[in-house]
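Chains as they are written, first to last, in the UniProt record's numbering: chain U, 1 to 408; chain F, 1 to 408.
A virtual CB, placed ideally from N, CA and C, is assigned to each residue, including glycine.
Here the structure is a predicted model, which is why all the values come from computation and not from measurement.
What follows is the structure in structure tokens.
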């Protein structure tokens, strides 16, 4: 036993490695067609724009500022771009309503840190983005399940929390083309979440990194936009919007943002100051320039590329999946969620898929904190070339057919 | 009252703005000679080297990797440079003993998160770097005071912790040219800290961002180096070393590192994964290149510049301070710590200093968590030109003489 074993905090018991990250390391083989990773296609990054922006920022007297410490709130220029961007989404806010974070993952960590005492309740969808639960786990909450569209009410959530002597602090939701399901909450579902949060007196964390990757259908207002309208303005809201540059321009600069009431942002700035002082100024100044110059055109380009891949994937699923298999038809994002017949275990299937069929995906159980979802799996279409998608799903369809039929 | 007021975690009560950061905003006036800020001189940053390195990293196929997500541990190339650097300090370690952090401030946050449950005890010097206490405060510890060189023993610390039903988790120390005092722990003091931690069964956090800025005297081995030697190797140690590029190459990329036993690093990697996934790959790859190319020559250059400023400051203090004023004579770093006669309040003095004498410093009380130290102040020589140092201290000496004598 090392010295340290006797010294860990209670919360350390809840810190575990991401199963998915561990799995992805194993699946990274050159002869396997992989639909596993949920990352943007690096061939689509606007590398030349970034190169030019780093050169500009490091030329002349501005270099001194770019390489120095900066304010915890974040670069004014980048926050100003985000103000304009949020306006296009129907959220009217000022730079003081924005905190720049090191990716939206850091936003999730800070919100957990600010809001969660041990035993507090978080409402989350199932399946959900497990990185969020990992961030919250350090603050030792309980979880309850919210599925907008079903008929659990605020009273049900409150009764459940009361049973444990707990209090619901916030609902965590990913409303647009969620990871892992690809699903989008309707306007009515968003309104219902806002209603229920109002009745519970709790907050809402609206995590929307894929928002700009819509391929068809009409955009739906963020919950924060509805909340602004209803409450009389951003400074009276109970919702927090988390945005990110990771799925559009680049995840490598680790830049995300939180939009919320001034009071909440002021608290989060204190957390930022105490936990890493500030996000690198140089990266923020670079991202501001790249976003100003090419956000619109670049997102149009990648939308076209990803839409094609999604279309090929949905077509290939139609062509190759045997009866009894169903899947989501996402209007954006990077993921299709597949449900197999109830008796099929996607983790067993993965072994055969990688070993024999040379095709990979993530078993859906990994996205369920309660161990359910064994017959589900996640396919990502973001990094695969169209012909590989066709080929990979043909192999996977064959394998599923062979696996499903003998068991029937 | 806003929705959020009812939703904050218990720990939020201990989150406060840094007085010093707030003060620095007020002191930033063009006609004031400031010894207040404790930051590196931006005119000394190797901006051209950084520009070149960003260009290289963003050219060709490497750009895709630099702009993508990365591993939570940190870039292998940068960790390898740090392995070699730690070897020059007498610490024999492998890349698996290193976690790259977003500045060493993030290292302090993560170590607090991993080790502190509410009510646990942290031993800290007084005065100390308050940013560390800010990081720890989020995890609601108690503090006790450790001053190596005085005769408080492990038994005293244990008795004090026992009284509160608490457990000492670690001692936090800044052994080299500490912020704010400029003091350095002797070899014997370091050994005594290691002895006491051994008897307490606690850890040691050795925070040494100024280590490479030694202007004279002989280097003293880090506590971690002594610990490695005594315990039989890095993986058996109870010490953690926190290093930083912020005071040498640039604080703007927000890059620091933790060196510790493999077990501890593995736990910290889980925290990194859950709290911001990874530090930007692009910045790590750039810093690795710049460190490989110019760390030695660049630190020699800035040491010469800072040494001159320190010498001018110590000379000017001799020339201009009235009797009854004493100060430290730091062998490195950025700070001189001044003690005024007991009845003088440095915060009152600052008002007159900024208003009439047009010279600024940080009152020492800000660095004492217990409200003591009213008659102390911190002077930084890192950003002032030699002639300004002479002029500023001449003004300050006159003001102190006028303030001290009437009160005698």
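The region 86-106 of chain F makes contact with the region 255-273 of chain F: 3 or more CB pairs, one atom from each, lie closer than 8 Å. Residues of chain F whose Cβ lies closer than 9 Å to the Cβ of residue 284 of chain U do not exist, since the nearest Cβ in that chain is about 10 Å away.
The alpha-carbon separation between residue 299 of chain U and residue 244 of chain F amounts to approximately 36 Å.
In the DSSP assignment, residue 143 of chain U falls within the beta strand (DSSP E) that extends over 142-145. If only complete runs of 3 or more residues are kept, the region 245-305 of chain F shows the beta strand (DSSP E) at 256-259, in order along the chain.
From the listed residues F/7, F/297, F/165 and F/159, the smallest Cα separation to residue 117 of chain U is found for F/7. Burial is judged here by how many other beta carbons sit within 10 angstroms of a residue's own beta carbon; residue 297 of chain U has fewer than 16 and is exposed. With a cut-off of 8 Å on Cβ pairs, the region 198-209 of chain U is in contact with the region 163-178 of chain U, counting three or more such pairs. Listed by position along chain F, the residues whose Cβ is nearer than 8 Å to that of residue 54 of chain U are 51, 54, 55 and 58. Within chain F, no C-beta atom comes less than 7 Å from the C-beta of residue 223 of chain U; the nearest is roughly 14 Å away. Counting along the chain, no beta strand (DSSP E) covers residue 372 of chain U, and no H or E run does either.
Not flagged as an interface residue toward chain F: residue 301 of chain U, since no C-beta distance is shorter than 7 Å. Closest in alpha carbon position to residue 214 of chain U, among U/81, U/352 and U/89, is U/89. Residue-level contact check: residue 97 of chain U does not touch chain F, since none of the beta carbons of chain F fall below 7 Å from its beta carbon. The beta carbon of residue 338 of chain F is closer than 7 Å to those of 325, 327, 376, 377 and 379 in its chain, skipping five residues each way along the sequence. Residue-level contact check: residue 169 of chain U touches chain F, since one or more beta carbons of chain F fall below 7 Å from its beta carbon. Taking 7 Å as the CB threshold, residue 254 of chain U lines the interface with chain F. Taking 7 Å as the threshold, the shortest C-beta distance from residue 123 of chain F to chain U does not fall below it. Taking 8 Å as the Cβ-Cβ cut-off, the region 333-350 of chain U has no residue approaching chain F.
Against chain U, a Cβ distance below 8 Å from residue 209 of chain F picks out nothing, because the smallest value is about 12 Å.
Counting the other CB atoms within 10 Å of its CB gives residue 372 of chain F a total below 16, which places it among the exposed residues.
Listed in chain order, the positions of the region 6-17 of chain U with a beta carbon within less than 8 Å of a beta carbon of chain F are 6, 7, 8, 9, 10, 11, 12, 15, 16 and 17. Annotation: the region 48-86 of chain U contains no complete segment of the beta strand (DSSP E) (minimum length 3 residues).
If you check the CB distance, residue 40 of chain F and residue 247 of chain F come in under 7 Å. Under the three-state reduction of DSSP output, residue 227 of chain F falls in the helix class. Residue 66 of chain U and residue 58 of chain U do touch by the CB rule: their CB atoms are close to 6 Å apart, below 8 Å. Going by C-alpha positions, residue 305 of chain U is about 12 Å away from residue 42 of chain U.
The beta carbon of residue 303 of chain U is closer than 7 Å to those of 213 and 215 in its chain, skipping five residues each way along the sequence. DSSP, read as helix, strand or coil, puts residue 390 of chain U in helix.
In this structure, residue 27 of chain F and residue 346 of chain F do not form a Cβ contact; the two beta carbons are roughly 14 Å apart against a cut-off of 8 Å.
If you ignore the 5 residues before and after residue 91 of chain F, its C-beta comes within less than 8 Å of the C-beta of 222, 224, 225, 228, 234, 241 and 259, all in its own chain and listed in chain order. Inter-residue distance for residue 64 of chain F and residue 251 of chain U is about 11 Å (C-alpha atoms, whole angstroms). Nearest Cα to residue 16 of chain F within the set F/131, F/73 and F/277: F/131. Counting along the chain, residue 207 of chain U sits inside the beta strand (DSSP E) bounded by residues 203-207. In summary, the residues of the region 102-123 of chain F whose CB is separated from some CB of chain U by less than 8 Å are 102, 103, 105, 106, 109, 113, 114, 115, 116, 117 and 120, in the order they occur in the chain.
Boundaries of the beta strand (DSSP E) harbouring residue 99 of chain F: 98-101, taken from the DSSP string.
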